[in-house]
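Undergrad: The structure under discussion is supplied below as structure tokens; questions concerning it will follow.
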Amino acid sequence: HHGGYTYEVELERTLLGLGFSLDDAGRPCSSFSGGEQMRLKLGRALLDPADLLLLDEPGNHLDEAQREWLGDFLRTSPRSFVVVTHDPEILESAVDHVAYLMDGKLYTFRGDFASFEAQFEEMQKTRERAWENQQAYIERTKEFIRRYKAGQRSKQARGREKVLSRLERVEAPVRSAEGFRLQLAFDDTPGEEVLNAENLLLPLGERRLRVPKLHLKRGQKVALVGANGAGKTTLLRALLGEVELLSGVVRWGTNVRLAHYDQHQRRFDFQGTLFDTVGGLLKTFNKEMIYSYLGAFGFGGPRADQSVGSLSGGERARLHLLGVLLARANVIFLDEPTNHLDEAMVAMLQEALAAFKGTLVVVSHHEEFLRSVTHHTWAVAGETLRSAAGFAPDLAQAGELAPAAREEAPAHNGRDKGAPKPALSKNELFRLQRRRREAERAVSALTKEKSRLEARFASPDSVVTEDWHALNRRYEKLKRELAAAEEEWLALMAQAEEAGVASEE
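Read in order, the letters of the sequence shown correspond to residues 5 to 509 in the numbering used here.
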């Protein structure tokens, strides 16, 4: 059944693509972590011979390489699929139609994701202009009614009142995270030593994780990295006292006010409205501020009066994240905070965490996100934990390096320029190939968009319909972005040739 030997090959390909080894095929499912079990469920769905595949946030428990593999799998699959996702790797490589749900309506767009973004931006501008024009008309009409309701023109005023009451309202533009600045504040400053842990031994199913020493200093921002199922979430929960240690001690410093985001925690009154809930988090009755935060986290417009209990799992996760960020904590632990955020929300969170003056520990599969908000690395490598200054995503795959070796290494002073460059590791070669492919895709997408804009310039119909100033600004910006992308692509091509990586034609 299912293609015999071909199915076995597909099974192995899917296991490897989703980050498993072939040895894992014989393990009972109960022996895998929660994130690994989600990847197994995804693999089972991908291998099902059904004609239509429905995927809801399939990238949530995948690292960058696995998300790229999934995008390639979907792009080359002969089956139809519908995917709900915020992952640009999947959106940019796999789809040829986009359906966008907004204000209780579904808008469909033909074309790839870059085409959707251009069409959606134009649609939003049109909606905003229509709303502004109608608001101006309503204000003029109300002023006429107020002025003449009791005078000689009262009949006209009553007529306009009827017209106004029957007027079909254009929906107000929904506020989004784009342009919204989230600021994280706290009241008390903790001591210099935020956390000290010694001789920790943690249970990880049949395995153990040993952490001889762990220090967290005030103002430190740490990326916690490691393979799926390595024990990152367990380590966070152990430090918080939510997982019982087999041995060891955890000591927290003075004046520590901690907030922890875990996708599975939900601590809200399900009967309350979103408006009241966020107002309580902000401790304010300022309606404009409350609506701004709601819009930034995807709850704009009439959704403010929606009950918390009616939210989906992903929406509750966003609300929980907002609660953590508004807790005025000086130490924040975040476990996969970007999973249910769109691109604008991720950028907003990224900016807020980069400016945060407190202490931060983040688990995330998004390397660019981690690179922008952290400056220290803890890596779960096998059965131990390594530590390094700077963002070091490959630390978990490094060789027999002492846990603190990278952190204590002297800074490069340029005196060894003549020394031969060390050969790249397999992981470094893979990352280089991936970055080159990403740069090539960026050049291709920008070139297509540039061609589309040039076609709009050339169209005689656009003389009447287009906003020429906005279109020209977008075109000039696009040319600059394309030049920068081409420069990066050429640099990566040269780097790949130097490393002996074959070109992919």
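Every residue, glycine too, gets a C-beta built ideally from N, C-alpha and C.
From Ala-393 to Lys-109, what does the alpha carbon distance come to, in whole angstroms?
TA: Against the sequence shown, residue 393 aligns to sequence position 389. Against the sequence shown, residue 109 aligns to sequence position 105. In a straight line, the C-alpha of Ala-393 is about 48 Å away from that of Lys-109.
Undergrad: Can you tell which of Lys-236, Ala-103 and Arg-150 has the C-alpha that lies nearest to the C-alpha of Phe-337?
TA: On the sequence shown, position 333 is the one that residue 337 refers to. Of the listed residues, the one whose Cα sits closest to Phe-337 is Lys-236.
Undergrad: At the level of alpha carbons, what is the spacing between Val-215 and Glu-480?
TA: Stepping through the sequence shown from its first residue, residue 215 is reached at position 211. Stepping through the sequence shown from its first residue, residue 480 is reached at position 476. One C-alpha to the other measures close to 53 Å.
Undergrad: To which residues does DSSP link Ala-201 through a beta bridge?
TA: Residue 201 sits at position 197 when you count from the first residue of the sequence shown. The partner list for Ala-201 (beta bridge, DSSP) reads Leu-218 and Val-254.
Undergrad: Cα-Cα, which of Ala-348, Gln-437 and Asn-334 is closest to Phe-184?
TA: Residue 184 sits at position 180 when you count from the first residue of the sequence shown. When each option's Cα is compared against that of Phe-184, the closest is Ala-348.
Undergrad: Quick check: what's the CA-CA separation for Leu-326 versus Val-282?
TA: Along the sequence shown, one-based indexing puts residue 326 at 322. Along the sequence shown, one-based indexing puts residue 282 at 278. Computed Cα separation, rounded: 8 Å.
Undergrad: Just to confirm my understanding: we take Pro-207, look at its own chain, exclude 5 residues before and 5 after, and list those with CB closer than 7 Å. What are they?
TA: Working through the sequence shown from its first residue, we reach residue 207 at position 203. Leu-250.
Undergrad: Measuring alpha carbon to alpha carbon, tell me which residue in Pro-397, His-369, Leu-496 and Asp-346 is nearest Gly-318.
TA: Numbered from its first residue, the sequence shown carries residue 318 at position 314. Residue Asp-346 is the option with its Cα nearest to Gly-318.
Undergrad: In the structure shown, what three-state DSSP assignment does Lys-225 receive?
TA: Within the sequence shown, residue 225 is the residue found at index 221, counting from 1. Here Lys-225 sits in strand by DSSP.
Undergrad: Any beta carbon of chain D sitting closer than 8 Å to that of Leu-457?
TA: In the structure shown, chain D does not exist; there is a single protein chain.
Undergrad: Could you pull out every unbroken beta strand (DSSP E) segment of at least 3 residues lying fully inside the region 337-371, listed in chain order?
TA: Listed in chain order, the complete beta strand (DSSP E) runs (minimum 3 residues) inside the region 337-371 are 363-367.
Undergrad: Assuming Leu-494 and Lys-454 are in contact, meaning their beta carbons sit under 8 Å apart, how far apart are those beta carbons, in whole angstroms?
TA: Position 490 of the sequence shown, counted from the first residue, corresponds to residue 494. Position 450 of the sequence shown, counted from the first residue, corresponds to residue 454. That belief does not hold up - the Cβ atoms of Leu-494 and Lys-454 are roughly 18 Å apart, past 8 Å.
Undergrad: Alpha helix (DSSP H) containing Leu-44: first to last residue?
TA: Stepping through the sequence shown from its first residue, residue 44 is reached at position 40. Note, Leu-44: alpha helix (DSSP H), 38-51.
Undergrad: Considering only residues of the same chain and omitting the five flanking positions on each side of Thr-58, which have a CB-CB separation below 6 Å?
TA: Here residue 58 refers to the residue found at position 54 when the sequence shown is read from its first residue. A small correction: the amino acid at residue 58 is Leu; Thr does not occupy that position in the sequence shown. These residues qualify, in order along the chain: Val-86.
Undergrad: If you check the beta carbons only, do Phe-279 and Ser-311 fall under 8 Å apart?
TA: One-based indexing of the sequence shown puts residue 279 at position 275. One-based indexing of the sequence shown puts residue 311 at position 307. No, these two residues do not count as a Cβ contact at 8 Å.
Undergrad: Between the alpha carbons of Ser-25 and Arg-438, how many angstroms are there, rounded?
TA: One-based indexing of the sequence shown puts residue 25 at position 21. One-based indexing of the sequence shown puts residue 438 at position 434. Going from the Cα of Ser-25 to the Cα of Arg-438 covers about 21 Å.
Undergrad: Let me confirm a value: Ser-1 is counted as buried when at least 16 other C-beta atoms fall within 10 Å, else exposed. Which label applies?
TA: Nothing can be reported for residue 1: it is not among the residues displayed for the chain, which extend from 5 to 509.
Undergrad: Could you tell me if Asn-203 is buried or exposed, where buried requires 16 or more neighbouring beta carbons within 10 angstroms of its beta carbon?
TA: For the purposes of this step, residue 203 is taken as residue 199 along the sequence shown, with counting starting at 1. Result: exposed.
Undergrad: From what residue to what residue does the beta strand (DSSP E) around Leu-326 run?
TA: Numbered from 1 along the sequence shown, position 322 holds the residue referred to as residue 326. Looking at the DSSP string, Leu-326 is not in any beta strand (DSSP E); the run it does join, the alpha helix (DSSP H), is 317-329.
Undergrad: Using a Cβ-Cβ cut-off of 7 Å (strictly less than) and excluding sequence neighbours within five positions of Ile-165, which residues of its own chain qualify?
TA: One-based indexing of the sequence shown puts residue 165 at position 161. Looking at the sequence itself, residue 165 is Glu, so the reference to Ile does not match. Only Ile-149 meet the Cβ criterion.
Undergrad: Whose C-alpha, out of Arg-261, Phe-124 and Ala-500, is nearest the C-alpha of Asn-334?
TA: Position 330 of the sequence shown, counting from 1, holds the residue named residue 334. Closest by alpha carbon: Arg-261.
Undergrad: Out of Pro-32, Val-247 and Pro-62, point me to the one whose CA is closest to Leu-46's CA.
TA: Counting from one through the sequence shown, the residue named residue 46 turns up at place 42. Of Pro-32, Val-247 and Pro-62, the residue nearest in Cα terms is Pro-62.
Undergrad: Excluding the 5 residues flanking Glu-40 on each side, which residues of the same chain have their C-beta closer than 6 Å to its C-beta?
TA: The residue you call residue 40 lines up with position 36 of the sequence shown. Excluding residues within five positions, the ones whose Cβ falls inside 6 Å are Asn-232 and Gly-233.
Undergrad: Cβ atoms of Leu-66 and Glu-14: under 8 Å apart, would you say?
TA: Locating residue 14 in the sequence shown gives position 10, where the first residue counts as 1. Locating residue 66 in the sequence shown gives position 62, where the first residue counts as 1. For Glu-14 and Leu-66, no; Cβs fall outside 8 Å.
Undergrad: Can you pull the DSSP bridge partners for Phe-85?
TA: Numbered from its first residue, the sequence shown carries residue 85 at position 81. Its beta-bridge partners are Leu-57.
Undergrad: Check the C-beta distance from Leu-330 over to Leu-364 and give it rounded, since I have them as a contact under 8 Å.
TA: Along the sequence shown, read from residue 1 onward, the residue named residue 330 stands at position 326. Along the sequence shown, read from residue 1 onward, the residue named residue 364 stands at position 360. Not confirmed; about 15 Å, so no contact.
Undergrad: Are the Cβ atoms of Phe-117 and His-101 separated by less than 8 Å?
TA: On the sequence shown, residue 117 is found 113 positions in, with the first residue counted as 1. On the sequence shown, residue 101 is found 97 positions in, with the first residue counted as 1. No. Outside cutoff.
Undergrad: Within 10 angstroms of its Cβ, does Val-377 collect 16 or more other Cβ (buried), or is it exposed?
TA: Locating residue 377 in the sequence shown gives position 373, counting from the first residue. Classification for Val-377: buried.
Undergrad: In the DSSP assignment, the beta strand (DSSP E) including Lys-287 goes from what residue to what residue?
TA: For the purposes of this step, residue 287 is identified with residue 283 of the sequence shown, where counting begins at 1. Counting along the chain, Lys-287 falls outside any beta strand (DSSP E), and DSSP gives it neither H nor E.
Undergrad: Over the uninterrupted alpha helix (DSSP H) stretch that includes Asn-391, give me the two end residues.
TA: Here residue 391 refers to the residue found at position 387 of the sequence shown. Reading off the sequence shown, one finds Ser at residue 391, where the question assumed Asn. Where Ser-391 is concerned, there is no enclosing alpha helix (DSSP H), although the beta strand (DSSP E) it sits in stretches over 388-393.
Undergrad: So, for Asn-343: in the same chain, excluding its five sequence neighbours on each side, which residues have a beta-carbon less than 6 Å away from its beta-carbon?
TA: Looking up residue 343 in the sequence shown gives position 339. These residues qualify, in order along the chain: Asn-64.
Undergrad: May I have the straight-line CA-CA distance separating Val-247 from Phe-120, to the nearest angstrom?
TA: On the sequence shown, position 243 is the one that residue 247 refers to. On the sequence shown, position 116 is the one that residue 120 refers to. Each residue's alpha carbon lies about 45 Å from the other.
Undergrad: State the Cα-Cα distance for the pair Ala-321 and Leu-171, rounded to the nearest angstrom.
TA: Walking along the sequence shown from the start, residue 321 turns up at place 317. Walking along the sequence shown from the start, residue 171 turns up at place 167. Spanning the two alpha carbons is a distance of roughly 38 Å.
Undergrad: Would you call Pro-194 buried or exposed, if buried means 16 or more other Cβ atoms sit within 10 Å of its Cβ?
TA: Your numbering for residue 194 matches position 190 in the sequence shown. Classification for Pro-194: buried.
Undergrad: Could you have a look at Lys-153 and say whether DSSP puts it in helix, strand or coil?
TA: Here residue 153 refers to the residue found at position 149 when the sequence shown is read from its first residue. Coil.
Undergrad: Rounded to whole angstroms, how far is the Cβ of Ala-500 from the Cβ of Leu-436, which I believe are closer than 8 Å?
TA: Stepping through the sequence shown from its first residue, residue 500 is reached at position 496. Stepping through the sequence shown from its first residue, residue 436 is reached at position 432. Yes, they are in contact, since the Cβ atoms of Ala-500 and Leu-436 sit about 6 Å apart, within 8 Å.
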